[in-house]
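*Asks:* To convert, take the position in the sequence shown, counting from 1, and add 1; that gives the working numbering.
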Amino acid sequence: MLQVCHLAKSYGDLQVLKDVSMKISEGEVVCIIGPSGSGKSTFLRCLNLLEVPQQGEIIYLGQNIMEPQVDIRLIRKEIGMVFQNFNLFPLYTVLNNVSIAPIKNKNFSAKAAKEIAMKVLTDVGMENKIDAYPRQLSGGQQQRVAIARALAMEPKIMLFDEPTSALDPELVGDVLAVMRKLAQDGMTMIIVTHEMAFAKDVADRVIFMDKGYIVEEGTAHEIFSNPQNERTREFLSRVL
Ligand code: ADP
Ligand code: MG
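Structure, rendered in C-alpha cells:
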C-alpha cells in the first residue's frame, strides 16, 4: 500500500532522516519506537507531506507522491494523522471539529458530514459530548475526538504520532482501546509510541529507529524478546 525508499530529510545542516526505507501492506499495524530526536515524527510528517523530504520516494498505491504534479490535498485525505497534542479547533464544538473536514475537503453537505461525524464519534465513544468544546474535555476525550476527526475523512492509512504521550496515565487506556479497535477492524496504521505493552500486543511489525535510520525491524516478538542490534537492546533496557 505504501512503500518508502531511501528517504532523506534535513533541516538546514541537520540531517534528521538519513536513509529510511519501509513498506506497509493494507491492514497492517506498524509501531515505530526509538529515542527522542531519532526522527520518528519527521518520518511520519514526511509520509503525508507535512514535510518535504530532499531525497527518496514515497510510493502510495503505485504512485510516487513526491512528484510535483501530485495533489497533496488528495494524499492528506487518504492518509490521516493524529498528533500528540490533539490540535482541535478550540472555538468549535466536538461535532463541528469532526464535521468540518469532510465539508471543506470532500464537499460533503452539512447533513452528510454530520452523519459521518456522529458515526465516527460513536466509534470512539464520544457521541455524548457532541456539543462540548475542547476545553471542557479531558485530554483523553480530546484525543478521541481528534481520532474521530481524522476518521471522518475515511482515510486509507492512519498515522499516529505519540497519541498518548500528553495524557495523564489514567486516560491513556481509553485512547489505546480506540486504536486497538481500529486495528482489529482492519485499519492500516503507523504508530509512533512509547507504549511498549501496546506495541507488543497490537503491532504486526515493530520498527526501531535511531539517529535517522531504521536500525532494526521485526515482529513484536523478535524486537522485544530477541533484539539483534545492540542499540535496540540498550534502548529497550531503558524503557521496559
Ligand atoms: P522524534 O520524533 O524521534 O523525537 P523528531 O523527528 O521530532 O524526532 O526530530 C528529529 C530531529 O530533528 C531533532 O534533533 C529535532 O530537533 C530536529 N527537528 C525536528 N523538526 C525540526 C524543524 N522543523 N526544524 C529544525 N529541526 C527540527
Ligand atoms: Mg516525535
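Positions of the beta carbon are idealized from the N, C-alpha and C atoms, including for glycine.
Values in this document were obtained by computation on a predicted structure and should not be read as measured data.
Using C-beta distances below 6 Å, list every residue in its chain close to V30, excluding the 5 sequence neighbours before and after it, in chain order.
*Replies:* Once the five neighbours on either side are set aside, the close Cβ partners of V30 are A184, M190, V203, A204, D205.
*Asks:* Start and end of the beta strand (DSSP E) containing L89?
*Replies:* Taken as a continuous stretch (DSSP letters only), L89 belongs to no beta strand (DSSP E), as it is neither H nor E.
*Asks:* What residue range is occupied by the uninterrupted beta strand (DSSP E) comprising I33?
*Replies:* Element bounds for I33: 30-34.
*Asks:* Among Q16, E27, G13, L15, whose alpha-carbon lies nearest the alpha-carbon of L3?
*Replies:* Checked all of Q16, E27, G13, L15; the closest Cα to L3 is E27.
*Asks:* I'd like to know if the stretch 148-159 and the stretch 65-72 are in contact, where contact means that at least 3 CB-CB pairs between them fall below 8 Å.
*Replies:* In short, these stretches do not touch, since the Cβ pair count stays below three.
*Asks:* Please tell me whether L18 and F44 are closer than 7 Å, where the distance is taken between their beta carbons.
*Replies:* Yes.
*Asks:* Return the chain-ordered list of same chain residues with a C-beta closer than 7 Å to the C-beta of I25, the five sequence neighbours on each side being excluded.
*Replies:* Cβ neighbours of I25 beyond the five flanking positions: M2, L3, V31, T189, I191.
*Asks:* I'd like the list of long-range same chain contacts for E163, defined as Cβ closer than 7 Å, with 5 residues on each side in sequence excluded.
*Replies:* Within the same chain, E163 has close Cβ partners Q85, V193, T194, H195.
*Asks:* Quick one: what's Q64 bridged to in DSSP?
*Replies:* Per DSSP, Y61.
*Asks:* What's the C-alpha gap between T220 and S37?
*Replies:* Cα to Cα, T220 sits roughly 22 Å from S37.
*Asks:* Would you say the beta carbon of V17 comes nearer than 6 Å to a heavy atom of the ligand ADP?
*Replies:* Yes, since a heavy atom of the ligand ADP falls inside the 6 Å radius drawn around the Cβ of V17.
*Asks:* Taking Cβ to Cβ, would you say I76 is nearer than 7 Å to V5?
*Replies:* It is not a contact, given that the beta carbons lie outside the stated cut-off.
*Asks:* At the level of alpha carbons, what is the spacing between N106 and R234?
*Replies:* One C-alpha to the other measures close to 44 Å.
*Asks:* One question on the structure: do D124 and T94 come within less than 7 Å of each other, judged by their Cβ atoms?
*Replies:* It is not a contact, given that the beta carbons lie outside the stated cut-off.
*Asks:* Which whole-angstrom value describes the C-beta separation of L160 and N49, a residue pair presumed to lie in contact below a C-beta threshold of 8 Å?
*Replies:* Right, the Cβ-Cβ distance comes to about 6 Å (below 8 Å), so this counts as a contact.
*Asks:* If you follow the alpha helix (DSSP H) that A221 is part of, which residue opens it and which one closes it?
*Replies:* That run of the alpha helix (DSSP H) goes 221-226.
*Asks:* Under the assumption that G141 contacts L172 (Cβ atoms under 8 Å), give the Cβ distance between them as a whole number of angstroms.
*Replies:* Confirmed, about 3 Å.
*Asks:* Within a Cβ cutoff of 6 Å, which residues of the same chain sit near E1, ignoring the five residues on either side of it in sequence?
*Replies:* Look at the range of the chain in this structure, 2 to 241, and you will see that residue 1 is not part of it.
*Asks:* Comparing C-alpha positions only, which one of A200, A167, A114 sits nearest to M180?
*Replies:* Measuring from the Cα of M180, the nearest candidate turns out to be A200.
*Asks:* Let me check you understand the geometry: is the CB of S166 closer than 6 Å to at least one non-hydrogen atom of the ligand MG?
*Replies:* Checking the Cβ of S166 against the ligand MG gives no.
*Asks:* Assign P91 to buried or exposed, taking buried as 16 or more other Cβ atoms, counted over all protein chains shown, within 10 Å of its Cβ.
*Replies:* By the neighbour-count rule (16 or more Cβ atoms within 10 Å), P91 is not buried but exposed.
*Asks:* Under three-state DSSP, which class holds V99?
*Replies:* V99 falls in the helix class under three-state DSSP.
*Asks:* CA-CA distance, C64 and N88?
*Replies:* As written in the sequence, residue 64 is Gln, which differs from the Cys given in the question. Looking at the two C-alpha atoms, the distance is approximately 29 Å.
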